[in-house]
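Asker: Got a structure here, written out as structure tokens. Questions coming.
Number of protein chains: 4
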Amino acid sequence: MSEKGSTNPPPPPESVVVLYRHTMLSRCLSEAVGTYFLILTVGCNVMVMSTGGALSIGSMLMCMIFALGSVSGAHFNPAVSLAIYLSGRSNFSIRDLFLYTASQLVGALSAGLCYEVIFLDAFVLKPVGKYNVFMVMAVEVIYSMALCYVVLNVATTRAQAGNHYFGLAIGFTVVSAAIAIGGISNCCLNPAVAIGSLVAALLAKGSKVLGAYSVYFFMPYLGALFGAFAFYLVRRKEGYDPRGIGLFVVKEEANSIAAAPSTVTGGEASPNAASSASPLIQSDNEAN
Amino acid sequence: MSEKGSTNPPPPPESVVVLYRHTMLSRCLSEAVGTYFLILTVGCNVMVMSTGGALSIGSMLMCMIFALGSVSGAHFNPAVSLAIYLSGRSNFSIRDLFLYTASQLVGALSAGLCYEVIFLDAFVLKPVGKYNVFMVMAVEVIYSMALCYVVLNVATTRAQAGNHYFGLAIGFTVVSAAIAIGGISNCCLNPAVAIGSLVAALLAKGSKVLGAYSVYFFMPYLGALFGAFAFYLVRRKEGYDPRGIGLFVVKEEANSIAAAPSTVTGGEASPNAASSASPLIQSDNEAN
Amino acid sequence: MSEKGSTNPPPPPESVVVLYRHTMLSRCLSEAVGTYFLILTVGCNVMVMSTGGALSIGSMLMCMIFALGSVSGAHFNPAVSLAIYLSGRSNFSIRDLFLYTASQLVGALSAGLCYEVIFLDAFVLKPVGKYNVFMVMAVEVIYSMALCYVVLNVATTRAQAGNHYFGLAIGFTVVSAAIAIGGISNCCLNPAVAIGSLVAALLAKGSKVLGAYSVYFFMPYLGALFGAFAFYLVRRKEGYDPRGIGLFVVKEEANSIAAAPSTVTGGEASPNAASSASPLIQSDNEAN
Amino acid sequence: MSEKGSTNPPPPPESVVVLYRHTMLSRCLSEAVGTYFLILTVGCNVMVMSTGGALSIGSMLMCMIFALGSVSGAHFNPAVSLAIYLSGRSNFSIRDLFLYTASQLVGALSAGLCYEVIFLDAFVLKPVGKYNVFMVMAVEVIYSMALCYVVLNVATTRAQAGNHYFGLAIGFTVVSAAIAIGGISNCCLNPAVAIGSLVAALLAKGSKVLGAYSVYFFMPYLGALFGAFAFYLVRRKEGYDPRGIGLFVVKEEANSIAAAPSTVTGGEASPNAASSASPLIQSDNEAN
Chain A
6 MSEKGSTNPP
16 PPPESVVVLY
26 RHTMLSRCLS
36 EAVGTYFLIL
46 TVGCNVMVMS
56 TGGALSIGSM
66 LMCMIFALGS
76 VSGAHFNPAV
86 SLAIYLSGRS
96 NFSIRDLFLY
106 TASQLVGALS
116 AGLCYEVIFL
126 DAFVLKPVGK
136 YNVFMVMAVE
146 VIYSMALCYV
156 VLNVATTRAQ
166 AGNHYFGLAI
176 GFTVVSAAIA
186 IGGISNCCLN
196 PAVAIGSLVA
206 ALLAKGSKVL
216 GAYSVYFFMP
226 YLGALFGAFA
236 FYLVRRKEGY
246 DPRGIGLFVV
256 KEEANSIAAA
266 PSTVTGGEAS
276 PNAASSASPL
286 IQSDNEAN
Chain B
6 MSEKGSTNPP
16 PPPESVVVLY
26 RHTMLSRCLS
36 EAVGTYFLIL
46 TVGCNVMVMS
56 TGGALSIGSM
66 LMCMIFALGS
76 VSGAHFNPAV
86 SLAIYLSGRS
96 NFSIRDLFLY
106 TASQLVGALS
116 AGLCYEVIFL
126 DAFVLKPVGK
136 YNVFMVMAVE
146 VIYSMALCYV
156 VLNVATTRAQ
166 AGNHYFGLAI
176 GFTVVSAAIA
186 IGGISNCCLN
196 PAVAIGSLVA
206 ALLAKGSKVL
216 GAYSVYFFMP
226 YLGALFGAFA
236 FYLVRRKEGY
246 DPRGIGLFVV
256 KEEANSIAAA
266 PSTVTGGEAS
276 PNAASSASPL
286 IQSDNEAN
Chain C
6 MSEKGSTNPP
16 PPPESVVVLY
26 RHTMLSRCLS
36 EAVGTYFLIL
46 TVGCNVMVMS
56 TGGALSIGSM
66 LMCMIFALGS
76 VSGAHFNPAV
86 SLAIYLSGRS
96 NFSIRDLFLY
106 TASQLVGALS
116 AGLCYEVIFL
126 DAFVLKPVGK
136 YNVFMVMAVE
146 VIYSMALCYV
156 VLNVATTRAQ
166 AGNHYFGLAI
176 GFTVVSAAIA
186 IGGISNCCLN
196 PAVAIGSLVA
206 ALLAKGSKVL
216 GAYSVYFFMP
226 YLGALFGAFA
236 FYLVRRKEGY
246 DPRGIGLFVV
256 KEEANSIAAA
266 PSTVTGGEAS
276 PNAASSASPL
286 IQSDNEAN
Chain D
6 MSEKGSTNPP
16 PPPESVVVLY
26 RHTMLSRCLS
36 EAVGTYFLIL
46 TVGCNVMVMS
56 TGGALSIGSM
66 LMCMIFALGS
76 VSGAHFNPAV
86 SLAIYLSGRS
96 NFSIRDLFLY
106 TASQLVGALS
116 AGLCYEVIFL
126 DAFVLKPVGK
136 YNVFMVMAVE
146 VIYSMALCYV
156 VLNVATTRAQ
166 AGNHYFGLAI
176 GFTVVSAAIA
186 IGGISNCCLN
196 PAVAIGSLVA
206 ALLAKGSKVL
216 GAYSVYFFMP
226 YLGALFGAFA
236 FYLVRRKEGY
246 DPRGIGLFVV
256 KEEANSIAAA
266 PSTVTGGEAS
276 PNAASSASPL
286 IQSDNEAN
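Protein chains in written order, with the numbering used here: chain A, 6 to 293; chain B, 6 to 293; chain C, 6 to 293; chain D, 6 to 293.
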């Protein structure tokens, strides 16, 4: 509506959106490192029977998400990666899902070995006290759904693009869940935690520990399905925020792009991101 | 003051404010889902007698508010919806109030049934230890007022539009209240929590549990009255932030609107929001 | 440097800064309400001997600061008001200091009476266990200094203007202090808390409780002196953020001011604020 | 791309980035004050055997980081300063590293003396319970790496420039670590904490306490090496955010610079910062 009356329009300031994405190697390293610290913290808290383990584990998740969200999206959980894949974002491909999951498992195995070596012991995920495996399945599915649902909402929607609370919301969902259902199921919610814990427990105690691990591995995936579906029901018509998969937006003055090329290189091309930004660039060209 | 000297003004960049509102179905789904997770977390914490239940419940509220605030405003509490209605915002009608309350009750009933089925047991809200029902009434009214007052201030005022701490402030008001008065009244503050808990308790224990439930249902509404009145005293002359009822602001380059229409459709028209944004649009037209 | 070459410059968008200040009555109401909820939460936690009282009290402070920071600056503590006055901000006069302190004491007395009526009992601030009054003086001064220092830094400096963490930083300074020195001095840090607690204790237990109250009343003021001095040493050359005293900045499109006058009225004139914003307005006039 | 068609472009608004840095004296004072409060809080919590010491210590770190991050970058830890130096930022020189470390040690010694004088006693850092010194070395290195890694990511990367969660992420990394490994090693992670604690313990208990202090002093430095290396692997190609070393960005209208000179003086010149901002200034000059 503004083209008609302005014969000599200036270039709109701050009109070029630069989407930057780290290389896949950096992103996989990020997923492995974050998952490693998360699961090592799980291990230390359980092995020393700390008071406040839920706060410790959720806080480490929060801090690693704040640290690495702009690198890889900071999933640190194969079920979360699946939920993001299922949410239909074309920027997160099946190949990305596979590589992210593999990186998370590498981090999980490293963490499991690490705390097994430090403590020469490990813990076993299993129903707590009087609760049975069906109760464990119920709460693991429900709270995995809550976790994936919160991630999809705070980290991938356009309405909340650029928010500064994504790590707080995701990390404290785990704090809340670990307090609420830790006394029922030990609160896993993460297939990578299940695998890391399983390997450490196998090393320390042998194959008699396998009992409920299939529940701890598969229920988070089921929760991811439900979370992605609930997200789809409410927000399917909204645009997406690219931050959830490690893209971030750098706003640049139009004039400074040529002078500062070093800031927009160094990563791999992101064709989908470029096309989503194209309306802004096109309107810039049309104005001239 | 700038119109007089500028004969050929350019279109102001970033001058078009797009207010987007989800459909009423999405907003009701959002209220039901958030209330469900909130009350399920209440149930799990009480049933397993967790340590840190106040942090768990308030954190889940915080995370769901961060997740869904941009969809429905994230009330998850009929008393909060009443307070927002009473604050005089024309964008939140009596019909909205009714539909929000109904959705919250659906979520509350689902959560109550869910934890009753998982645990085959339920808890009863009643005065704790030596405290009597008058003490419970006092603290429930006062802290419900605090909760509604914080919500009105952080989520609906123009001075704080776009803040990133609304969920933290609201969630941790509940953390604070649950620690402070949990030992007196069990800290309800929410008619939906009262209803969900009542239905679960009726199923598990029969009609002898009805005792104090009318207090837990009505006191939050009284607190909402006081909270809305205190808010009115201090801030009645200020403009409003539309985020408290699920509107959010998308700032768009003027030139890119025609090229990217997909981002401004998909929801229902919001006439009031449009009229409140009209000064900006009008000034844009006048400039041309 | 940009005037020379541009013969027909457009009005700079977003160039008018509107500073809005609530009326003194609203600001005093805000201080009284926030102090009331803070001290009532102190009373409830101490009276029910809650677990996590430090988190409850600091969280309530945080939430009230987030809620009311844009109204009155959210001091809720006469020592904090003194520190802000001493920091040399011309917008916070000696009259403001007097009215703020009086409002905080009104809130404190209301809260003290309120929890005395609810519990028909009260607590007495005094050294804990083996610790003597000199230790109490030391830790009360040091942590009051920390509190005032954090407030001055996060809420009044230009470098951090518009931050979204001011309430978190201030509230959790109290969480930290209440955990660290609660077992030594009960952690008062606030003359209004001392007065509210004193009146409630006098009503419940008679005049034998006066013991250490002069320490709890005066040490926070001494801490405020030290905090303001430490702040002066580091940051005296910086500009100020007007938010610490209840001013907030509304950025407006230059063209929309005339069309939307309702948003910039309703409060009292703030001449100092206007003069600090004048460079922007002047440059706007020069451009035309 | 916009120079070709615009013969008379206006100066881009908000195009001048002003980087301000406090004097080295202010920055050193800031490091000393923050480290003092951090280590005094460690001392008080350990000496009174508080419940929730991890939250208290991490929260004080968070609050001091929020308070002083814009002055000195808020390291408060010689290992963090080393990690920032190693990350290759030309704005943080070896001289800065030396002065920061010295200031942190001054703050640490003051805090150690202070709590030794208050309590006439001190604590000794050593392995807890059944854990040996090798376990302590492992967890101290790993969690020091996590701390430095989080700092480098949230406080020095361009992708997260201007975020409002840096203090939350860093402070709660310490909360998480102190809960997870407090029961193994007492969780030091900071050579300044080791020195402050050592001097207080020497005064209170004599030279028999020296046992494991070399571990507590050197392991954080080893963690800093690993953290800086992990950071280098993932993010070496990214631009830097100057906030991690106490620079902050003040965005100014181009026209208002001459009229408001007081805001850009008062600190020392920062030649490197100026050169990094030069593309923006150059493009401004070219446009005229």
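Every residue gets a Cβ at the ideal spot worked out from N, C-alpha and C, and that includes glycine.
The structure displayed is predicted, hence computed values, not measured ones.
Decide yes or no for the touch test of the region 87 to 100 of chain D against the region 180 to 188 of chain C: beta carbon pairs closer than 8 Å, at least 3 of them.
Answerer: The region 87 to 100 of chain D, when compared against the region 180 to 188 of chain C, does not touch it at the 8 Å Cβ threshold.
Asker: Check whether the region 161 to 169 of chain C and the region 208 to 221 of chain C are in contact - that is, three or more C-beta pairs closer than 8 Å.
Answerer: No, because fewer than three Cβ pairs between the region 161 to 169 of chain C and the region 208 to 221 of chain C fall closer than 8 Å, the two stretches do not touch.
Asker: With a CB to CB cut of under 8 Å and the five nearest residues on each side skipped, what residues in its chain are close to residue 125/D?
Answerer: Here the set comprises 209.
Asker: Whose Cβ in chain D lies nearer than 7 Å to the Cβ of residue 71/A?
Answerer: What residue 71/A touches in chain D: 159, 170, 174.
Asker: Can you name, in chain order, every residue of its own chain whose Cβ lies under 8 Å from the Cβ of residue 200/C, other than the five neighbours on each side?
Answerer: Once the five neighbours on either side are set aside, the close Cβ partners of residue 200/C are 110, 113, 114, 117, 222.
Asker: Does the Cβ-Cβ distance between residue 203/D and residue 226/D come in under 7 Å?
Answerer: No, they are not a contact pair.
Asker: For residue 122/C, count neighbouring Cβ atoms within 10 angstroms of its own Cβ and tell me buried if that reaches 16, exposed if not.
Answerer: Exposed, since its Cβ has fewer than 16 Cβ neighbours within 10 Å.
Asker: Taking the straight line between their C-alpha atoms, what separation do you get for residue 177/C and residue 224/C?
Answerer: Using only the alpha carbons, I get a separation of about 20 Å.
Asker: Within a Cβ cutoff of 7 Å, which residues of the same chain sit near residue 55/A, ignoring the five residues on either side of it in sequence?
Answerer: Contacts found: 61.
Asker: Could you tell me the alpha carbon to alpha carbon distance between residue 86/B and residue 71/C, rounded to whole angstroms?
Answerer: C-alpha separation (whole angstroms): 20 Å.
Asker: Have a look at 152/D, 151/D, 163/D, 53/D and flag the residue whose alpha-carbon is nearest the alpha-carbon of residue 189/C.
Answerer: The shortest Cα separation from residue 189/C among 152/D, 151/D, 163/D, 53/D belongs to 53/D.
Asker: Can a CB atom of chain B be found closer than 7 Å to the CB of residue 115/C?
Answerer: Residue 115/C does not count as touching chain B.
Asker: Which parts of the region 70 to 158 of chain A are runs of the alpha helix (DSSP H), unbroken and 4 residues or longer, counting only runs that do not cross its ends?
Answerer: Counting only runs of 4 or more, we get 83 to 91, 99 to 124.
Asker: Can you give me the C-alpha to C-alpha distance between residue 196/B and residue 31/C, rounded to a whole angstrom?
Answerer: Going by the C-alpha atoms only, they are around 30 Å apart.
Asker: If the cut is a Cβ gap below 7 Å, which residues of chain B does residue 42/C touch?
Answerer: Here the neighbours are 151.
Asker: Taking the C-alpha atoms as reference points, what is the distance between residue 220/D and residue 198/D?
Answerer: So the two alpha carbons sit approximately 12 Å from each other.
Asker: Taking 7 Å as the threshold (C-beta atoms), are residue 49/D and residue 155/C in contact?
Answerer: No; because the gap between Cβ atoms is not below 7 Å, this pair is not in contact.
Asker: Could you tell me whether the Cβ atoms of residue 106/C and residue 81/C are closer together than 7 Å?
Answerer: In this structure, residue 81/C does not lie closer than 7 Å to residue 106/C by Cβ.
Asker: Determine the DSSP secondary structure at residue 162/C, reduced to helix, strand or coil.
Answerer: Residue 162/C: strand per DSSP, three-state reduction.
Asker: Assuming residue 235/C and residue 91/C are in contact, meaning their beta carbons sit under 8 Å apart, how far apart are those beta carbons, in whole angstroms?
Answerer: Going by Cβ atoms, the distance from residue 235/C to residue 91/C rounds to 11 Å, so no, they are not a contact pair.
Asker: How would you list, in chain order, the residues of chain F whose beta-carbon sits under 7 Å from the beta-carbon of residue 177/A?
Answerer: Reference to chain F is not applicable here, since the protein chains of this structure are A, B, C and D.
Asker: If you count every other CB in all the chains shown that lies within 10 Å of the CB of residue 66/A, and 16 or more means buried, which is it?
Answerer: Under this definition residue 66/A is a buried residue.
Asker: I need the straight-line Cα distance from residue 26/B to residue 149/D, nearest angstrom please.
Answerer: Rounded to the nearest angstrom, the two C-alpha atoms are 46 Å apart.
Asker: What three-state label does DSSP hand residue 281/C in the structure shown?
Answerer: Since pLDDT at residue 281/C reaches only 34, below the 50 mark, its modelled position is unreliable, and the value read off the structure follows with that caveat. Three-state DSSP puts residue 281/C in a helix.
Asker: Hey, which unbroken runs of the alpha helix (DSSP H) at 4 residues or more fall wholly within the region 26 to 58 of chain D?
Answerer: Counting only runs of 4 or more, we get 29 to 52.
Asker: Taking residue 229/B as part of the alpha helix (DSSP H), name the residues at either end of that continuous run.
Answerer: Note, residue 229/B: alpha helix (DSSP H), 218 to 240.
Asker: Assuming residue 232/D and residue 88/D form a contact by the criterion Cβ under 8 Å, report the distance between their Cβ atoms to the nearest whole angstrom.
Answerer: Right, their Cβ atoms sit about 5 Å apart.
Asker: Apply the 10 Å Cβ neighbour rule to residue 238/C and answer buried if 16 or more other Cβ atoms are within range, or exposed otherwise.
Answerer: Result: exposed.
Asker: I need the DSSP call for residue 194/C, collapsed to helix, strand or coil.
Answerer: Of the three classes helix, strand and coil, the one that applies to residue 194/C here is coil, per DSSP.
Asker: Rounded to whole angstroms, what is the Cα-Cα separation between residue 132/B and residue 194/B?
Answerer: Rounded to the nearest angstrom, the two C-alpha atoms are 14 Å apart.
Asker: Buried or exposed for residue 137/A, going by 16 or more other Cβ atoms inside 10 Å?
Answerer: With fewer than 16 Cβ atoms within 10 Å of its Cβ, residue 137/A is classed as exposed.
Asker: Between the beta-carbon of residue 130/D and the beta-carbon of residue 191/D, is there less than 7 Å?
Answerer: Yes, the pair counts as a contact, with Cβ atoms nearer than the cut-off.
Asker: If we call anything under 7 Å between Cβ atoms a contact, is residue 35/D one with residue 75/D?
Answerer: Not closer than 7 Å, so no.
Asker: Does the beta-carbon of residue 63/B have 16 or more other beta-carbons within 10 angstroms, so that it is buried, or is it exposed?
Answerer: Answer is buried; the Cβ neighbour count reaches 16.
Asker: If you draw a straight line from the C-alpha of residue 140/A to the C-alpha of residue 51/B, how long is it?
Answerer: Near 16 Å, if we compare the C-alpha coordinates of residue 51/B and residue 140/A.
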